[in-house]
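Structure first, then comments.
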Amino acid sequence: MSSIAQKRGFGATLWDYMTTVDHKKIAILYLAAGGFFFVLGGIEALIIRIQLAIPNSNFVAAGFFNELLTMHGVTMIFFAAMPILIGFMNLIMPLQIGARDVAFPFLNSLGFWLFFFGGLLLNISWFTNGGAPAAGWTSYASLSIHSTGHGIDYYALGIQISGFGTLMGGINFLVTLINMRAPGMTYMRMPMFSWTTFVASALILFAFPPLTVALFLLTFDRMFGGNFFNVTMGGNTIIWEHFFWIFGHPEVYILILPAFGIFSEIFSTFSRKRLFGYSSMVFATVLIGFLGFMVWAHHMFTVGLGNIANAIFAVASFAIAVPTGIKIFNWLFTMWGGSIKFTTPMLYAAAFIPSFIMGGVTGIMVATAPADYQFHDTYFVVAHFHYVIVGGVVLAILAGTHFYWPKAFGTMLNETLGKITFALFLIGFHLTFFIQHFLGLMGMPRRIASYNSGQGLDLGNMISTVGAGLMGIAVIILLYNIVITQVKNVRVGNDPWEDGRTLEWALPSPPPFYNFKQLPLVRGLDTYWLEKMEGNKGITPAEPVGDIHMPNGSILPVFISLGFFIASFGAIYRTVYSWGLAALIIGLVIAFGSMLLRSLKDDHGFHIPKSELMKDDKNKGVKA
Amino acid sequence: MKRWLQKWRLASVFAILALVLSGCGEPFLSALKPAGQVAQEQYDLIMFSLGIMMLVMVVVFTILIIALVRFRRKKGEENKIPKQVEGSHVLEIIWTVIPIILLIILAVPTVAVTFSQGDVSAIGKKDENGNPEALVVNVKAHLYWWEFEYPDLGIVTSQDLVIPTDEKVYFQLSSGDIKHSFWIPPLGGKLDNNPENINRFWLKVDQDKATQAGDVFYGKCAELCGPSHWAMDFKVKAMPKADFDTWVADMQNATAQVPTTDLALKGEEIFNASCLSCHAIGTDTSSVGPNLANFGERESIAGVLAHNETELKRWLKDPELIKPGNLMTGKYKELNPDELDALAAYLMGLKVQH
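Protein sequences, first through last, are from chains F and G. The C-terminal residue of the first sequence carries number 624 in the numbering used here, and the numbering is unbroken. The C-terminal residue of the second sequence carries number 354 in the numbering used here, and the numbering is unbroken.
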């Protein structure tokens with residue numbers, strides 16, 4: 001009897017999440033799916049490190065190794081780091097700016113499902129006989145065109161589909177931030193995380209179209225006999241490199257800016273101080289976003305673009321160090337004179353500064369064009385970008401997981417376990433990647449499946465592998481922490497860290513689905529802090545209690561994404577199996593049919609009547 | 001907090017210790033042991049930029065540690081509300097202007113070296129006698145092997161690049177199939193072998209440094225090019241100009257070797273039947289596979305195996321085991337142990353130097 005009830009409960013929950021348009025639930029979907037892919041990418045990384053631990057290792061075959069390194073990169077960038085950050089944006093940004101949801105809730109859901117089915121599509125390639133893509137996450141055209149099997153086809157279509165989702169997410173956040181700020185929430189009162197969401201979304205808007213174009217060209221070359229990158233037919237492979245990096249460099253900032261935002265919130269919260277130099281932080285964020293589009297060719301110094309191009313792009317890349325430096329010093333001086341409480345998120349933030357600085361330092365070094373002729377495509381570069389992405393983005397994701405967990409789930413992750421995770425992860429991270437700077441300079445190219453002994457590379461690689469193991473253990477402890485926290489299910493109040501400054505901490509954990517019963521009146525930066533300092537319990541409302549207009553849920557986003565997912569198999573196997581063409585057509589019919597249905601069927605949402613809101617309030621009072 | 005700091009310190013001490021143990025790499029492979037002008041200039045730039053950046057790191061780390069220690073929330077301060085500071089224009093100007101100055105200081109040598117190392121105007125220039133001024137080598141990368149052609153000398157070889165020391169050698173890089181990248185770390189940074197164009201640069205070997213490295217440097221492919229990317233190594237033999245000239249003369253006068261033993265004679269027959277359609281022995285550049293004129297004098301087999309008959313036979317028996325995805329596998333009939341012995345004896349006898 002009870003088991004049936006539970007089953008129904010699970011089915012209902014699943015249906016609820018599949019049809020939800022609530023930004024907080026979509027955020028949980030993003031975090032869960034992104035977390036899953038993060039673990040997957042981590043396992044791939046561990047296999048890579050085990051293979052490289054000793055010279056001439058035969059743990060995995062060379063071809064499989066290339067699949068691993070490709071999928072590790074693609075998974076971590078497109079299907080782990082970005083979705084998890086978009087998850088945090090979804091969870092926090094509308095709360096921070098005092099909105100009841102994002103501007104386009106339906107698109108928000110569609111964005112998630114496109115990303116999810118894209119990631120699924122790509123990972124299904126592991127189980128096909130051609131294997132996963134093996135041309136690196138950059139998938140440079142001559143190798144990807146030369147590649148046999150269907151791995152590259154899965155790469156092109158998987159990223160294309162999820163890229164549509166990301167682009168929708170970016171546009172959605174931009175419109176939300178421009179149109180849906182609460183009364184009094186001027187741009188220069190927006191919390192730093194919302195600002196970085198704004199700039200990262202703008203970067204998504206401008207950076208993803210070049211990738212979309214490049215992937216279409218690749219798709220046409222691979223599946224429909226196009227010759228855009230076929231040199232013997234007059235094509236050009238270097239065009240791909242330009243396209244890829246015009247997307248690829250801003251992509252780095254799409255990842256790191258929200259990370260900066262999360263850390264900005266953590267620094268000021270646990271230092272009990274407002275962010276030092278808030279306006280210059282905003283200025284620096286916008287400037288980094290702008291300069292991010294001016295430097296892509298520094299990934300191509302060895303392609304042979306010529307002295308003038310190399311010199312210009314070297315100096316342009318240097319320029320990015322200036323706004324980044326401004327940010328670092330502003331964080332330092334946010335702590336200076338504060339009252340710093342070393343919670344788990346704050347430990348991550350404190351460790352982020354030295355870790356990220358080391359990545360920034362090597363960033364300037366690799367921007368020095370003639371020196372980069374040595375660094376390029378070696379383990380030095382591997383070390384550099386892992387210092388930036390793990391030391392910046394992943395530390396931010398781990399910090400944000402601890403910091404925002406109560407806001408998403410209403411419980412607190414265990415602090416002791418959190419600190420153990422932190423210590424193991426940080427030590428493992430430095431152990432893995434610090435030595436790789438030297439491996440690169442000692443002559444180890446990146447993306448090599450093995451190496452002979454007697455080249456002075458053995459010890460460094462072994463140390464690196466040990467470090468990777470520590471990071472793996474740290475992640476397992478985090479997962480354990482998550483499980484026991486949810487099993488114990490100790491509920492917490494609005495402001496569990498006690499030093500919350502921004503609007504999200506004025507709401508219950510988790511907030512009601514309509515977020516704000518009354519839209520808040522924002523009276524300055526760090527509104528909630530201002531209210532607390534004046535002795536107020538809540539935020540001053542900007543409107544009387546009234547009916548709230550909310551959107552209806554919909555299953556259509558799942559069907560639109562599923563349609564593209566099915567069509568992709570059709571496109572890939574169109575000429576191989578007889579069902580290919582049929583699958584292509586059926587998939588597109590499902591996708592466009594669902595879109596048509598959405599367009600033709602009016603859905604005006606629903607209203608929560610005032611009386612019900614008042615009742616909600618009473619229930620809360622009883623519970624507390 | 002203190003415990004954390006200690007752990008962090010321990011980790012970095014361990015890393016540095018490991019580094020000291022392993023030194024700066026091997027002189028034939030490491031960019032940290034430059035053996036020529038280009039690598040030296042790049043090494044100097046690396047150290048210069050690192051120096052400037054260390055300055056920044058020391059400042060940041062110092063402020064960070066002081067802030068973390070001095071402003072931690074001590075017992076009894078649970079209700080302390082610090083002063084809410086908006087910012088400081090003076091400080092903000094300082095940490096904007098100083099980095100700009102530092103970066104300008106770094107930009108000057110960066111731009112200068114970019115142009116000086118990218119100067120290839122000597123290619124194609126003739127002296128008053130009509131002879132080429134500089135030695136030019138055409139480097140053509142293929143799936144998992146390297147072809148070196150000396151256009152002005154009429155020589156073609158593969159896998160072992162032979163160059164004179166103490167003079168600028170110019171390289172023209174291209175690819176026979178997909179993108180590769182040509183890198184000899186102790187001699188200088190890399191440049192890509194693109195399928196659609198020819199890239200040019202120069203390197204220069206210092207004779208003293210070459211002697212220290214054992215006269216042979218390791219070269220690598222630095223661009224992912226498939227399953228055997230890791231094994232796409234080549235060797236660079238650097239020698240004084242006089243020795244180089246002798247080698248050139250030997251190569252130019254190389255005549256078809258007459259095998260001296262029965263075994264090698266049998267090997268020649270097998271070679272002519274099974275291998276000759278792809279591998280030339282001479283100055284032919286049109287062959288599909290590597291030219292084998294001086295195979296017996298090579299530094300390695302297939303770029304990654306030791307140069308002896310055992311390894312050669314292992315390679316010939318099943319190249320796919322050594323270099324998956326190579327274009328030689330399956331192009332010839334399977335060889336039995338006797339045939340392998342004969343073919344190995346013949347190949348090892350292919351020498352041009354007297």
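For each residue, glycine too, the CB sits at the ideal point set by N, CA and C. Quick caveat, the model's predicted, so the values are computed rather than measured.
For the segment 326–360 of chain F, the set of positions with a beta-carbon nearer than 8 Å to some beta-carbon of chain G reads I326, I328, F329, N330, L332, F333, M335, W336, G337, G338, S339, I340, K341, F342, L347, A350, A351, I353, P354, I357 and M358 in chain order. For F/Y451, there is no enclosing alpha helix (DSSP H), since its DSSP letter is neither H nor E. The C-beta distance from F/W497 to F/T343 rounds to 7 Å, short enough to meet the 8 Å contact threshold. Less than 8 Å separates the beta-carbon of F/P250 from that of F/F293. The DSSP assignment places 344–367, 369–375 and 379–388 as complete runs of the alpha helix (DSSP H) inside the segment 341–399 of chain F, in order along the chain (cut-off: 4 residues). In the DSSP assignment, G/S121 falls outside any alpha helix (DSSP H) and carries neither an H nor an E. Taking 8 Å as the threshold, the shortest C-beta distance from G/E299 to chain F does not fall below it. Within chain F, the residues whose beta carbon sits less than 8 Å from that of G/S30 are L441, M442, G443 and G456, listed in sequence order. Secondary structure at G/P290: coil, using DSSP grouped into helix, strand and coil. The C-beta distance from F/F301 to F/N310 rounds to 5 Å, short enough to fall under 8 Å. In the structure shown, the three-state DSSP call for F/R181 is coil. In its chain, beyond the 5 residues on either side, L395 and L426 have a beta carbon closer than 7 Å to the beta carbon of F/A351. Counted as a single uninterrupted DSSP element, the stretch harbouring F/M444 is not any beta strand (DSSP E), since DSSP gives it neither H nor E. When rounded, the separation of the alpha-carbon atoms in F/K273 and F/F263 is 13 Å. DSSP places F/Y573 within a helical segment (H, G or I) once states are collapsed to three.
Within chain G, the residues placing a beta-carbon under 7 Å from that of F/N452 are V304, ordered along the chain. The beta-carbon separation of F/V322 and G/T96, rounded to 6 Å, stays under the 8 Å limit for a contact. Residue range Q207 to Q212 is occupied by the alpha helix (DSSP H) that includes G/Q212. For F/T237, at least one C-beta of chain G is nearer than 8 Å to its own C-beta.
Under the three-state reduction of DSSP output, F/K419 falls in the helix class. Counting only runs of 3 or more residues that sit fully inside the segment 509–553 of chain F, the beta strand (DSSP E) segments are 548–550, in chain order. The three-state reading of DSSP puts F/L275 in coil, since its state is none of H, G, I, E or B.
Annotated as distal: G/E86 and F/S339, with beta-carbon spacing of 8 Å or more. Counting other Cβ atoms within 10 Å of its Cβ, G/K74 stays below 16 and is therefore classed as exposed. Segment contact: the segment 538–558 of chain F against the segment 507–527 of chain F, three or more CB-CB distances shorter than 8 Å; contact assigned. For F/S355, the CB contacts under 6 Å within the same chain, skipping 5 residues up- and downstream, are G391 in chain order. In the DSSP assignment, F/T302 falls outside any beta strand (DSSP E), carrying neither H nor E.
One thing to note: F/G593 has its Cβ no nearer than 8 Å to the Cβ of F/F564. Counting C-beta pairs with one atom in each stretch, the segment 356–367 of chain F and the segment 410–421 of chain F have fewer than three that are closer than 8 Å, which means they do not touch. Spatial neighbours of F/I353 in its own chain (CB-CB distance under 8 Å, excluding positions within 5 residues in sequence) are listed in chain order as I328, W331 and L332.
The residue from F/F112, F/E44, F/P105 and F/F104 with its alpha-carbon nearest to that of F/I28 is F/F112. Residue environment analysis places F/K537 among the exposed positions, since fewer than 16 neighbouring C-beta atoms fall within 10 angstroms of its C-beta. Secondary structure at G/M239: strand, using DSSP grouped into helix, strand and coil. Between F/I92 and F/Y404, the CB-CB gap stays under 8 Å. Taking 8 Å as the CB threshold, G/F61 lines the interface with chain F. When Cβ pairs closer than 8 Å are counted between the two stretches, the segment 254–271 of chain G is seen to touch the segment 332–346 of chain G, the count reaching three or more.
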